[in-house]
Amino acid sequence: MFPKPASALTPNTYAYETTPLVKPTGFREYDARWLFEKELNLMGVQVLGLGLGTLIREMGVKPEIVTGHDYRGYSASIKMALINGLLASGCTVHDIGLAMSPMAYFAQFELDVPCVAMVTASHNDNGWTGVKMGAQRPVTFGPDEMSRLKEIVLNGLGKAYAGGTYHYVENFADRYIADLIKRTPYKRKMKVIAACGNGTAGAFAPRILEKLGVDVIPLDAELDHTFPRYNPNPEDMEMLHAMAHAVKEHKADVALGFDGDGDRCGVVDNEGHEIFADKIGVMLARDLSSIHKNAQFVVDVKSTGLFMTDPVLQAQGAKTDYWKTGHSYIKRRVADLKALAGFEKSGHFFFNTPVGRGYDDGLVTAIAVLDMLERNPDKSMADLYRALPKTWGTPTMSPHCADEVKYGVVERVTADIQALAKSNAAFADQKIRDVVTVNGVRITNEDGTWGLVRASSNKPELVVVC
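The following block contains the structure:
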């Protein structure tokens with residue numbers, strides 16, 4: 361139906377306008393990311409949609425799918441091209457329009473639709489685009505599905521079917537908001553900074569928090585796809601610093617920061633301390649395991665060792681499983697283990713019943729943080745943070761490393777670390793206690809200090825954290 365995609369084309373040429381462009385490295389471990397126009401053109405997006413519809417049929421899943429798009433200048437056009445391909449594959453498409461990723465995941469449940477394709481580059485810089493996909497709610501694609509999708513698209517194996525239909529779902533945001541606020545408003549008076557980095561969450565997060573009865577101070581909530589101040593990424597120090605400044609200026613109880621597609625939440629306490637997401641995870645795990653005894657949690661390998669050593673979690677019978685970094689990996693692990701919650705250091709948090717539906721939603725995380733404050737009326741966010749055992753950690757560091765070589769680099773580092781451990785050699789003047797290779801390599805020394813090196817799943821970078 362379409363020509364076979366090319367891996368590279370020159371823009372502003374006849375070939376660019378008549379041939380699909382799909383760079384192979386855009387197919388990541390659990391979603392897809394490309395530099396729009398340089399690595400992917402609109403015809404390439406159509407081929408992607410046709411391939412996705414073909415894969416859905418191969419999987420034996422009903423060919424019915426939710427689509428939405430984030431707030432970037434080109435996202436709506438990319439979504440419509442994707443929809444064209446899905447329609448050509450015979451899919452029934454339910455388009456919810458401008459949305460955060462968790463709104464699309466919620467739509468799978470609310471509309472009783474099995475599949476999802478959310479057009480977003482999440483927190484990536486402007487110029488990037490991507491698609492988060494799934495065919496088994498609440499989980500999203502992992503390496504097996506992404507590998508097969510890549511094979512279908514790049515080899516021109518997409519199949520056309522008749523019967524594709526399109527439905528635009530009007531005012532879907534109202535249904536999402538209504539689901540989150542069907543609860544008793546907070547009794548505790550709380551002033552909250554809602555930081556949105558001019559991303560998609562700005563259209564929704566302040567409204568939702570206000571309806572929950574808190575005093576909201578919006579920060580960079582105006583939609584602006586140029587991201588004039590900083591990328592909407594609550595893992596980046598620039599956004600966290602802005603949140604800390606706003607907390608002090610407005611004497612707020614907490615700052616909640618949302619990423620570009622609203623599936624992550626970062627936290628700054630009432631004293632302006634920037635709390636890394638893994639420590640927030642420990643605080644929430646303490647809170648939830650005090651209510652749900654012997655709770656099971658899943659965390660990614662970038663996260664603090666406190667999940668295993670914290671005396672409060674141990675006393676409350678909490679169990680923790682360290683797993684691969686990546687929203688699809690943790691989401692699936694939470695589902696497989698029937699865990700109460702999963703926490704990623706990046707700020708992707710996954711809450712199962714009774715807190716959530718198993719997918720990552722920055723607003724559900726924000727509500728969980730506010731619930732924790734509500735249940736501790738005599739303590740501030742800073743008090744709860746200070747109650748954790750004292751540890752030190754770095755921000756997540758992201759040195760550039762080309763997609764074509766980054767996995768090989770990590771393999772060599774892993775081999776070197778394993779050789780050190782096998783020979784009982786010292787690392788940083790200490791004995792190595794443990795080496796975990798479930799996702800890159802995480803080394804832990806005898807005093808509990810640790811470090812991790814892995815390949816980024818969605819950018820040409822390594823991930824280094826200690």
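Okay, so the sequence shown: first residue is 361 according to this note's numbering, each after it adds one.
Ideal Cβ positions, reconstructed from N, Cα and C, are used throughout, including at glycine.
Hey, out of the options, whose CA is closest to residue i's CA?
i	options	result
Y528	G502, M440, H633 and Q406	M440
Y526	D670, V672 and V426	V426
D455	F532, G487, D391 and G404	F532
M597	V627, T669, T373 and E511	V627
G428	C475, L410 and F396	C475
L395	T373, L447 and W488	W488
N805	R814, T560, C826 and V576	C826
P380	G502, A459, D743 and V513	V513
V729	T373, E530, P820 and K639	K639
P462	E631, R772, K691 and T685	K691
G811	P820, T664, L410 and H610	T664
P714	L700, T725, G707 and Y376	L700
V453	G433, M478 and Y431	M478
T756	A481, N593 and G494	N593
E530	G490, A459 and R589	A459
V421	G433, C451 and G502	C451
Y546	E734, H483 and A786	E734
E424	R567, G409 and Y431	G409
K510	G702, V407 and Y682	V407
A522	F667, M361 and D743	M361
Y431	E418, T586, L780 and D647	T586
K611	T385, K549 and D763	K549
W683	V694, N591, S816 and P737	V694
N515	A366, P749, R567 and N591	A366
Does any residue of chain C bring its CB to less than 8 angstroms from the CB of residue i?
i	result
T797	Although the question refers to chain C, the structure presented lacks it and comprises just one protein chain.
What residue range is occupied by the uninterrupted alpha helix (DSSP H) comprising residue i?
i	result
E631	Counting along the chain, E631 falls outside any alpha helix (DSSP H), and DSSP gives it neither H nor E.
T378	Y374 to T378
A436	S435 to A448
A675	P671 to A675
Assuming residue i and residue j make a contact with CB atoms under 8 angstroms, what is their CB distance in whole Å?
i	j	result
N818	D391	7 angstroms
L446	L415	Their Cβ separation, rounded to whole angstroms, is 11 angstroms, which puts L446 and L415 out of contact at 8 angstroms.
S758	V823	6 angstroms
D660	E595	Not really, about 12 angstroms apart at Cβ, beyond 8 angstroms.
G722	F618	5 angstroms
K679	D613	Wrong, their Cβ atoms sit about 31 angstroms apart, outside the cutoff.
G808	T669	7 angstroms
E389	G686	6 angstroms
F564	G622	7 angstroms
I827	L579	Residue 827 is absent from the structure shown; the chain starts at 361 and stops at 826.
D584	N558	4 angstroms
G502	Y689	7 angstroms
A604	G632	4 angstroms
T480	D763	Their Cβ separation, rounded to whole angstroms, is 19 angstroms, which puts T480 and D763 out of contact at 8 angstroms.
H483	N591	6 angstroms
Span of the beta strand (DSSP E) holding residue i?
i	result
V770	No beta strand (DSSP E) holds V770; the alpha helix (DSSP H) holding it covers K766 to K782.
T452	T452 to L458
Q790	Q790 to V796
M478	C475 to V479
R388	Unbroken run through R388: none, as it is neither H nor E.
V824	L822 to V825
L812	W810 to A815
V614	V614 to F618
DSSP three-state label for residue i, please.
i	result
E609	helix
I425	strand
L402	helix
Y682	strand
T664	coil
V642	helix
F362	coil
G411	helix
H585	coil
A467	helix
G312	In this structure the chain extends from 361 to 826, so residue 312 is not present and cannot be described.
M419	coil
R802	strand
P604	Looking at the sequence shown, residue 604 is not Pro but Ala. Of the three classes helix, strand and coil, the one that applies to A604 here is helix, per DSSP.
L369	coil
L381	strand
L748	coil
H760	strand
R874	Since the first residue of the chain shown is 361 and the last is 826, residue 874 is not available in this structure.
(request) Taking only runs that begin and end inside the segment 689-742, name each unbroken alpha helix (DSSP H) of 4 or more residues, in chain order. (result) 722-735
(request) Would you mind listing the beta strand (DSSP E) stretches within the segment 511-580 that are 3+ residues and don't spill past its ends, in chain order? (result) 525-528, 551-555 and 575-579
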